[in-house]
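A short write-up of the structure that comes next.
In my numbering, the protein residues as written are 23 to 542.
Rendered as structure tokens:
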């Protein structure tokens with residue numbers, strides 16, 4: 023805790039100084055308001071994500087867990103005195119959720135699901151504190167910034183008022199671009215819609231009594247960990263201990279060990295090939311197949327994550343007196359008994375972690391689970407079809423949209439600025455609280471995830487956005503609280519950029535201008 027406080031204290035001091043005037047302005051704006059308080063629950067929350075973090079919440083408790091995940095302010099607001107799922111606080115010393123049936127329900131004593139969001143945003147068209155900024159004024163502010171040559175030959179922008187749904191600024195909003203990692207926004211919304219925020223991904227050990235075969239069955243949980251301190255994710259060590267205990271009850275001390283990866287179909291290799299940004303997409307892996315102790319970012323991955331995880335499992339079984347053969351691929355039959363299970367944090371927490379850390383592995387697995395829940399083949403193509411279908415059901419503008427993966431690593435993906443802001447508006451709809459983690463997971467400027475070192479001046483704490491970067495592509499989409507307390511959704515897309523750092527800086531200037539704008 024002391025280390026966390028020491029690490030964030032300099033940033034807190036800087037941001038408090040920058041943000042104090044904005045808090046004063048916002049407080050003055052809110053004083054005369056009696057009705058419409060729900061509008062400001064999220065608006066104020068979005069502002070104070072950075073500012074409240076600068077107070078005791080950061081220093082005392084911190085908005086991050088040991089893996090770097092930001093604690094959802096949704097969980098803090100709705101269940102401040104409750105322990106939620108992993109990455110939201112835990113109610114016991116366990117790091118997983120399990121049940122004897124092998125399903126994904128939460129067992130007694132395991133971490134409870136993150137609470138569903140309350141209505142922290144007003145409905146579109148609800149009463150607002152003051153009139154929204156008008157288009158021309160906002161265009162005057164953004165025009166020169168988005169015309170920066172650093173943003174390449176093509177660019178698009180969309181800005182929408184989240185309180186009214188009104189578009190305040192738009193240019194080339196319907197044109198589709200390579201979205202890079204902003205693809206994770208539609209993946210997040212589709213996964214939440216398909217699976218629900220409380221769903222968990224379960225890994226199980228199944229025993230074939232006739233043959234003495236023990237099968238480790240992958241449940242598509244890339245956060246499953248073999249590390250000693252699980253600190254939230256499901257633990258392979260815990261699964262081994264429970265499995266060994268169940269085998270001992272049956273007086274079994276030796277097994278033929280196998281692993282089952284049949285939950286997914288098709289190739290497990292992304293079209294980018296072997297790459298440090300993504301492990302092979304297999305339903306059984308530990309720690310995302312990383313070869314070091316990192317929890318995010320690019321790193322060399324093991325060549326066969328399923329086999330590697332099963333070998334680790336064998337070692338943990340041996341620690342509990344169970345001998346096993348060298349593992350090989352197999353499939354658990356309908357006769358197999360489920361001896362033990364462990365389950366991931368709820369999908370709400372997985373989505374937040376995916377967005378905060380721009381986790382490519384989590385995004386591809388959530389896309390696969392979206393396919394399974396939608397009756398599509400769980401491969402890259404099926405996941406793309408499932409995401410498209412889920413978004414279509416939500417009534418989102420999908421003209422020209424193409425989904426070739428869930429992470430945005432594919433250069434064949436296509437999204438529009440219109441779709442990205444529509445996703446944010448939909449996630450903000452109080453009638454759809456299950457989609458709220460698509461907002462609460464966005465990195466906080468100057469504090470968390472991919473925005474930790476950005477916006478350290480001016481817009482820290484009030485811009486929350488998903489970044490996207492590929493060669494020649496720079497994108498940014500998220501929410502911002504303006505100087506007059508207005509909550510806006512924005513999407514900026516640029517392509518054919520030459521200098522990624524200059525393009526990133528140009529996008530940051532545009533978002534910062536929104537934060538400082540008293541337009542209207």
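Where a beta carbon is used, it is the ideal one built from N, C-alpha and C, also for glycine.
For residue 512, the beta-bridge partners assigned by DSSP are 181 and 500. For the region 336 to 383, the full-length beta strand (DSSP E) segments reaching 3 residues or more read 359 to 365 along the chain. Nearest in C-alpha terms to residue 342, of all of 460, 382, 468 and 274, is 274. DSSP places residue 159 in the uninterrupted alpha helix (DSSP H) bounded by 157 to 168. Excluding five sequence positions before and after residue 322, the CB atoms of its chain that fall closer than 7 Å to its own CB belong to 298 and 313, given in chain order.
Judged by DSSP in its simplified three-state form, residue 191 adopts strand.
Per DSSP, reduced to three states, the secondary structure at residue 206 is helical. Secondary structure note for residue 447: its alpha helix (DSSP H) is the uninterrupted segment 439 to 449. Secondary-structure assignment with DSSP links residue 279 through a beta bridge to 236. The C-beta distance from residue 279 to residue 336 rounds to 6 Å, short enough to fall under 8 Å. Annotated as distal: residue 432 and residue 176, with beta-carbon spacing of 8 Å or more. A buried status is given to residue 317, since no fewer than 16 other beta-carbon atoms sit within 10 Å of its beta-carbon.
DSSP, reduced to helix, strand and coil, places residue 417 outside both helices and strands of the structure shown, so it counts as coil. Approximately 7 Å separates the beta-carbon atoms of residue 437 and residue 204; this is inside 8 Å, confirming the contact. Annotated as proximal: residue 248 and residue 309, with beta-carbon spacing under 8 Å. In this structure, the alpha-carbon of residue 382 lies about 40 Å from that of residue 271.
At the C-beta level, residue 263 and residue 392 stay beyond 8 Å of one another.
Counting only residues of its own chain and dropping the five nearest sequence neighbours on each side, residue 198 has a CB closer than 7 Å to the CB of 422, 423, 436, 437 and 438. In the DSSP assignment, residue 491 falls within the beta strand (DSSP E) that extends over 485 to 492.
In its chain, beyond the 5 residues on either side, 191 have a beta carbon closer than 7 Å to the beta carbon of residue 161. The count of Cβ pairs closer than 8 Å, one atom from the region 414 to 421 and one from the region 458 to 467, stays below three, leaving the stretches out of contact. Restricting attention to 258, 384, 172 and 334, the CA atom closest to the CA of residue 368 is found in 384. Going by DSSP, residue 226 is part of the beta strand (DSSP E) stretching over 224 to 230.
Residue nearest to residue 466 within the set 484, 445 and 380 is 484 (criterion: CA-CA distance). Residue range 522 to 538 is occupied by the alpha helix (DSSP H) that includes residue 530.
When DSSP reads this structure, residue 176 sits in a beta bridge with 517. Annotation for residue 271: the continuous alpha helix (DSSP H) segment containing it runs 258 to 271. Taking a contact to require three or more Cβ pairs closer than 8 Å, the region 519 to 529 and the region 238 to 246 do not qualify as touching. Using a Cβ-Cβ distance cut-off of 8 Å, the region 399 to 419 and the region 283 to 292 are in contact, since at least three pairs of beta carbons, one from each stretch, lie closer than that value. According to the DSSP assignment, residue 459 belongs to the alpha helix (DSSP H) that extends over 459 to 462.
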